[in-house]
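Numbering of the sequence shown is given in UniProt numbering, commencing with residue 1 and proceeding in unit increments. No residue lacks a Cβ here, since even glycine has one placed at the ideal position from N, Cα and C. I have placed the structure first, in the form of structure tokens, so that the comments after it can refer back to it.
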Amino acid sequence: MRVLLTGAAGFIGTATATALLEHGADVVAVDLLLPQAHGAATRDGPPADVHVLDTREAGGWADLFAGVDVVVHLAAMVGAGATAADLPLYAGHNDLGTAAVLAAMHARGVCGFVQASSMVVYGEGRYSCPEHGERRPGPRSRADLEAGRFDAACPVCDGRMDWALVDESAPLDPRSSYAASKVAQEHYAAAWACQAPGAAVSLRYHNVYGPGMPRDTPYSGVAAMFRSSLERGEAPVVYEDGAQVRDFVHVDDVARANVAAALAVLDRPEGSHAAYNVCSGHPVTIADVARAVAAGAGSGLEPRVTGQFRVGDVRHVVASPARAREELGFTARVAPDDGLAAFATAPLRA
């Protein structure tokens, strides 16, 4: 199996390349080395065997697509977006870049596509009101957030609702520039699968963490931001009340899911597109993530819960791992309790 891997120099790409090579795949590695994701590495030059290319110009990569069976497309501008001014970056790198890669695949007859998507496509997760059953809340208002009313309310009775696992059939409801770009990527993948024709898989990663994450950047994951604070001798800063529930999945498990999807897509019928949650299956609160990283670092620092908020953030979103287990044979091996403690001393990207 010959794989063209975009975003190959990022921490997920590095782990995925290793897993593909261990599986006996031939890997062609591409990355643009965006400063937001790679920091000082952009000044140090590309890693060995990585082609520094822009996905938006993928139509010019004729030689790289030769003999490729499947593209594993990880290249993306990540994070929630520091400001609305980031919208063109997300639209350009994520959406135009994906469209250009898909068009180049079609021109070269490459028929398998695996795309890194995200749980952010769901917006708020799944909720149930004790009185009115399953309900989907709208975006939380600034007034409620400023008043410390963080939990999503039932749209019928305004009462508190309980969260539940989100499966892949949930409606897509993006609430940030990044989320909108990931939904668009999935739609491009599905459209390409029909038109090319080809077969595509979108992997909805939940909160990925592990060695090689970039430090000190709002475009990194929350676990890396907690870790960066601790390295500065500061307590991790937790927004809202810290009770937000998420799923944290280790990068090694994500790499295994990528390999499983790359193998599966080669056997899928033309015109098919499927999405899968990639998660640990162990829900955890954001405050507990901060405590686990702090404890693993031996810092003695307790997280600082500030009540601050970001408009567009969601309260709870926790994935169901069932479809990935049943159809890809993927089950995460690293539980957050173990992985987050080890992450506290793992190397970060400068």
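- Taken in chain order, the complete beta strand (DSSP E) segments of 3 or more residues contained in the UniProt domain "NAD-dependent epimerase/dehydratase" (168 to 278) are 199 to 205, 207 to 209, 245 to 250 and 272 to 278.
- Ranked by how close their Cα comes to the Cα of Val-293, the residues Val-78, Asp-167, His-132 and Val-222 have Val-222 in first place.
- Per DSSP, Leu-5 is one residue of the beta strand (DSSP E) stretching across 2 to 6.
- Apart from sequence neighbours up to five positions away, the residues of its chain that approach Gln-244 with a beta-carbon distance below 7 Å are Thr-285, Ile-286, Arg-315 and His-316, ordered along the chain.
- When the beta-carbon positions are compared, Val-101 and Cys-129 stay at least 9 Å from each other.
- Pairing Glu-168 with Asn-277 gives a Cβ-Cβ distance under 9 Å.
- By the beta-carbon neighbour count (other beta carbons within 10 angstroms, threshold 16), Ala-15 is buried.
- At least 9 Å separates the beta-carbon of Gly-13 from that of Gly-112.
- Nearest to Ser-202 by alpha-carbon distance, out of Val-254, Asp-241, Asp-247 and Val-237, is Val-254.
- As DSSP reads the structure, His-73 sits in a beta bridge with Thr-6 and Gln-115.
- Annotation: the continuous alpha helix (DSSP H) that includes Ala-297 extends over 286 to 297.
- A straight line joining the alpha-carbon of Gly-242 with that of Thr-6 spans about 34 Å.
- Residue pairing by DSSP puts Pro-283 in a beta bridge opposite Asp-247.
- Here DSSP, grouped into helix, strand and coil, assigns Ala-346 to coil.
- Distance between Ala-62 and Thr-98, taken at the CA atoms: about 16 Å.
- Considering only Ala-190, Leu-328, Ala-290 and Phe-150, the residue with the shortest C-alpha distance to Val-311 is Phe-150.
- In the three-state DSSP reduction, Arg-108 falls in the helix class (H, G or I).
- Proximity of the region 60 to 75 to the region 113 to 120 meets the contact definition, three or more beta-carbon pairs being nearer than 8 Å.
- With 16 or more other CB atoms across the displayed protein chains lying within 10 angstroms of its CB, Pro-321 is buried.
- Taking Val-334 as the centre and dropping the five residues before and after it, the same chain places the C-beta of His-250 and Asp-253 closer than 6 Å to its C-beta, in chain order.
- Burial check for Arg-304: the Cβ neighbour count within 10 Å stays below 16, so the residue is exposed.
- In the three-state reduction of the DSSP assignment, Val-121 falls in the helix class, which pools H, G and I.
- Taking the Cα of Asn-207 as reference, the smallest distance to any Cα among Leu-266, Ala-319 and Val-30 is reached at Ala-319.
- DSSP places Gly-133 inside the beta strand (DSSP E), whose first and last residues are 133 to 135.
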